[in-house]
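Peer 1: Dropping a structure here in structure tokens format, bear with me for questions.
There are 2 protein chains.
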Amino acid sequence: MADPTILVVGSVAYDSVASPEGERTEQLGGTAVFSSIASGYLTRPGVVGVVGSDFRDEDIRLLKDHGVDVSGLEIAEGNTFRWSGSYVDDLNMAVTLDTQLNVFETFNPTLSSDQADTPYLFLGNIDPDLQLSVLNQMTIRPRVVACDTMNLWIDIKKEPLTQLIDQVDVLLINEAEAAQFTGENSIVNSASALLDHGLKTLIIKRGEYGAAIFHDSFSFAVPAYPMARVVDPTGAGDSFAGGFMGYLAAVNSGVEAEDAEAIRRAAVVGSVMASFAVEEFGLERLRNVTQAEINERFTGFVNLTRFHPLGGGQGLPTP
Amino acid sequence: MADPTILVVGSVAYDSVASPEGERTEQLGGTAVFSSIASGYLTRPGVVGVVGSDFRDEDIRLLKDHGVDVSGLEIAEGNTFRWSGSYVDDLNMAVTLDTQLNVFETFNPTLSSDQADTPYLFLGNIDPDLQLSVLNQMTIRPRVVACDTMNLWIDIKKEPLTQLIDQVDVLLINEAEAAQFTGENSIVNSASALLDHGLKTLIIKRGEYGAAIFHDSFSFAVPAYPMARVVDPTGAGDSFAGGFMGYLAAVNSGVEAEDAEAIRRAAVVGSVMASFAVEEFGLERLRNVTQAEINERFTGFVNLTRFHPLGGGQGLPTP
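Residue numbers (this note's numbering), protein chains in the order written: chain D, 1 to 319; chain L, 1001 to 1319.
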């Protein structure tokens, strides 16, 4: 098997989730899982993470079956990270009921020499010191480095987080966190303050309202796919990240001004993957989508957003 | 001057507004004003409303200068409707400080025979009984009838409001009101329940997140224009309605399945007008935009949303 084109670093978890549509116990989840499965539909992902000795063989097999290189998945003594949350009162915001870090508590990712020259790197939401450590282990600067983060790190690790943001190409962050990090209220001002850190592309995630992409040379907005039934929002952001970075890796694109068309498409692919992720609990839908369904939903996004531009030199009608 | 192509029924008001960007006292506002000024950039609007004897000549002139037929603007004894509100704590939601209905309290619109055959009709947010009364006065069924409403009427006048919705072609409603009217939580389920009333086009307004358009034959989402500075959101929804209906009237379009391209464009024109409305207090920006600026912002929406579709028969890359 060829080397991975994208390395995904983050949690591998057993999630217990309740939503208005039901509940599941100890289903496979975590940032590294959702994002590697999503990117596996486009390119060859490798995962860097840690699981416990209780990790199920069938879950290793699931990753492998989706083209995920699991050589970077450390199996440590103890139990796999567990998270338990509820969306029963608000589908847009999980209430965390329980977190057991277990083997994740001492997670300290060490890259092999094979991994250290992977051209695309997604640093999922973990302690910014660890994200920096992984970035520093890369022997060749990746073509694109993206990172995610969360409110906790803005609260207690703002300095290393800022160092990280200063060095990555792409930041994925939700709207409230962008406001928290920058102290700005409007999304445009938050974006401007974040781009000033040297980011090439900023992705502000807006949950059921989709995502806004900011670049020095353009802005782009993609709505969420309208769905009658959202079952489990867990992993939507990570699936977006996997689709976004997976598409860039698949077409070998950077995130410079001249890559604008690829960045726009990558954001739509990310939205496609997120839309599948939330349709069923955990990976139940995302793991089973077909290439045809992915293409069909991409075209669904085209139909959801397209309209006729003004013809050359023509304006809108006047009275 | 030729007869109006679109009749706009609603409040004409003097608004006092405070926002984080400052405040204004007794500026011209109201549904009929914002929507007629917005549609006046595209077609010939006529306004149906009532003002008091205190209404300023300069405000009549402003309407006329924007091509608005004011023959349906009744001047009654007493004072013009006043509304006072604050966006200081939350730009997305006005806190009403004071409402003085004044002459608006006994507003009972009576159409002239000239007005009663206008081909496009926008029933702005007023008592649904009055909206029904205006609709019943039309001697020829207009090509397109649109209406707006608000939480108050869903609370206290649900029956006539439902009768109205059963008869109009287009409903503009915000997301919370759609949920309130239908009892559904997801936007897709709200939309489905509302379309079941026989609406041809449903526009769900989402404030800073733009608008979602639902039609039996397609869905369409348009984001709000990203702006560093929103000064005064008053009138954004009415400006959207004016732009939407004004565009349909200007191109003589209905809202059937075969009109999908016009409906999509109309929603973008509505978004263009709303984006101008919020840039300054009251009408300060919307009244001064040029045709070139309108076309430029329309193209701004194209650039904000466009991405390359899949080429004929081609799919996304695979690993």
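Yeah, the Cβ is synthetic: ideal placement off N, Cα and C, and Gly gets one too.
Only a predicted model underlies this, so the values are computations on that prediction, with no experimental measurement involved.
Just to confirm, is the Cβ distance from L/Ser1036 to L/Gly1046 under 9 Å?
Peer 2: yes
Peer 1: What do you reckon, are the CB atoms on D/Leu171 and D/Leu132 nearer than 9 Å?
Peer 2: Judged by their CB atoms, D/Leu171 and D/Leu132 are not nearer to each other than the 9 Å cut-off.
Peer 1: Would you check if the distance between the CB atom of D/Ala241 and the CB atom of D/Phe122 is smaller than 9 Å?
Peer 2: yes
Peer 1: If you measure between the beta carbons of L/Ser1011 and L/Gly1049, is that distance less than 9 Å?
Peer 2: Yes, the pair counts as a contact, with Cβ atoms nearer than the cut-off.
Peer 1: Cβ closer than 9 Å: which chain L residues qualify as neighbours of D/Ser186?
Peer 2: Leu1091, Glu1208, Pro1226, Met1227, Ala1228, Arg1229 and Val1230
Peer 1: Between which two residues does the alpha helix (DSSP H) harbouring D/Gln137 extend?
Peer 2: From DSSP, the alpha helix (DSSP H) with D/Gln137 extends over Pro128 to Gln137.
Peer 1: Under a Cβ-count criterion, where at least 16 other Cβ atoms within 10 Å of its own Cβ denotes burial, should L/Ile1126 be classed as buried or exposed?
Peer 2: buried
Peer 1: Just checking: is the beta-carbon of L/His1308 within a distance shorter than 9 Å of some beta-carbon in chain D?
Peer 2: yes
Peer 1: Where does L/Gln1115 fall in DSSP's three states?
Peer 2: L/Gln1115: helix per DSSP, three-state reduction.
Peer 1: Leaving aside the five residues before and after L/Gln1100 along the sequence, list all residues of the same chain whose C-beta is less than 6 Å from its C-beta, in chain order.
Peer 2: Arg1082
Peer 1: Of the choices D/Gly210, D/Val8, D/Leu195 and D/Gln167, whose alpha-carbon is the least far from that of D/Asp382?
Peer 2: Absent from the structure is residue 382 of chain D, since the part of chain D shown begins at 1 and ends at 319.
Peer 1: Along chain D, in chain order, which residues have C-beta atoms closer than 7 Å to that of L/Ala1250?
Peer 2: Pro317
Peer 1: Check whether the Cβ atoms of D/Met227 and L/Ser1192 lie closer than 9 Å to each other.
Peer 2: no
Peer 1: Would you check if the distance between the CB atom of D/Leu7 and the CB atom of D/Leu111 is smaller than 9 Å?
Peer 2: In this structure, D/Leu111 lies closer than 9 Å to D/Leu7 by Cβ.
Peer 1: Verify the CB distance criterion: does D/Phe81 have a CB-CB separation below 9 Å to chain L?
Peer 2: Interface criterion not met: the Cβ of D/Phe81 is under 9 Å from no Cβ in chain L.
Peer 1: When you compare the CB of L/Arg1044 with every CB in chain D, is at least one pair closer than 9 Å?
Peer 2: Yes, contact with chain D.
Peer 1: Out of curiosity, what's the CA-to-CA distance linking L/Ile1203 and L/Thr1096?
Peer 2: 25 Å
Peer 1: Comparing C-alpha positions only, which one of L/Leu1062, L/Asn1092, L/Met1138 and L/Asp1098 sits nearest to L/Ser1113?
Peer 2: L/Met1138
Peer 1: Roughly how many angstroms separate the alpha carbons of L/Glu1258 and L/Phe1244, rounded to a whole number?
Peer 2: Near 17 Å, if we compare the C-alpha coordinates of L/Phe1244 and L/Glu1258.
Peer 1: Would you mind listing the alpha helix (DSSP H) stretches within the region 1162-1204 of chain L that are 4+ residues and don't spill past its ends, in chain order?
Peer 2: 1175-1182 and 1187-1195
Peer 1: Could you say if the region 1059-1077 of chain L and the region 1260-1280 of chain L meet the contact criterion of at least three C-beta pairs nearer than 8 Å?
Peer 2: no
Peer 1: Compare the C-beta of L/Pro1142 with all C-beta atoms of chain D and state if any pair is closer than 9 Å.
Peer 2: no
Peer 1: If you reduce the DSSP assignment to three classes, tell me which class L/Phe1281 lands in.
Peer 2: coil
Peer 1: With DSSP as the reference, label L/Ala1002 as helix, strand or coil.
Peer 2: coil
Peer 1: Please name the residue, chosen from L/Pro1004, L/Tyr1014, L/Ala1013 and L/Ala1018, that lies closest to L/Pro1233 on a Cα-to-Cα basis.
Peer 2: L/Ala1018
Peer 1: When you compare only the Cα positions, how much space is there between L/Arg1264 and L/Lys1200?
Peer 2: 13 Å
Peer 1: Strictly below 9 Å CB to CB, what residues from chain D border L/Arg1285?
Peer 2: Those do not exist, as L/Arg1285 stays about 17 Å from chain D at its closest Cβ, beyond 9 Å.
Peer 1: Could you work out which residue in L/Ala1260, L/Val1188, L/Asp1166 and L/Val1168 is closest to L/Ile1176 when comparing CA atoms only?
Peer 2: This sequence places Ala at residue 1176 of chain L; Ile is not what is there. Scanning L/Ala1260, L/Val1188, L/Asp1166 and L/Val1168 for the CA closest to the CA of L/Ala1176 turns up L/Val1188.
Peer 1: For L/Phe1281 and L/Glu1023, what's the separation of their Cα atoms in angstroms?
Peer 2: 8 Å
Peer 1: Listing by chain order, which chain L residues have their CB less than 7 Å from the CB of D/Ser341?
Peer 2: Within the shown structure, residues of chain D are numbered from 1 to 319, placing residue 341 of chain D beyond reach of any answer.
Peer 1: What is the DSSP secondary structure of D/Phe307, reduced to helix, strand or coil?
Peer 2: coil
Peer 1: With 9 Å set as the bound, which would you pick, yes or no: does the beta-carbon of D/Arg61 sit closer than that to a beta-carbon of chain L?
Peer 2: no
Peer 1: Using DSSP with H/G/I as helix, E/B as strand and the rest coil, what is L/Ser1019?
Peer 2: strand
Peer 1: Return helix, strand or coil for L/Tyr1209, following the three-state DSSP convention.
Peer 2: helix
Peer 1: Show which residues of chain D have a CB atom less than 8 Å away from the CB atom of L/Gln1027.
Peer 2: Contact note: L/Gln1027 does not reach chain D at a C-beta cutoff of 8 Å; the least C-beta distance is about 23 Å.
Peer 1: Considering Cα atoms alone, identify which of D/Asn252, D/Asn108 and D/Ala292 is closest to D/Thr118.
Peer 2: D/Asn252
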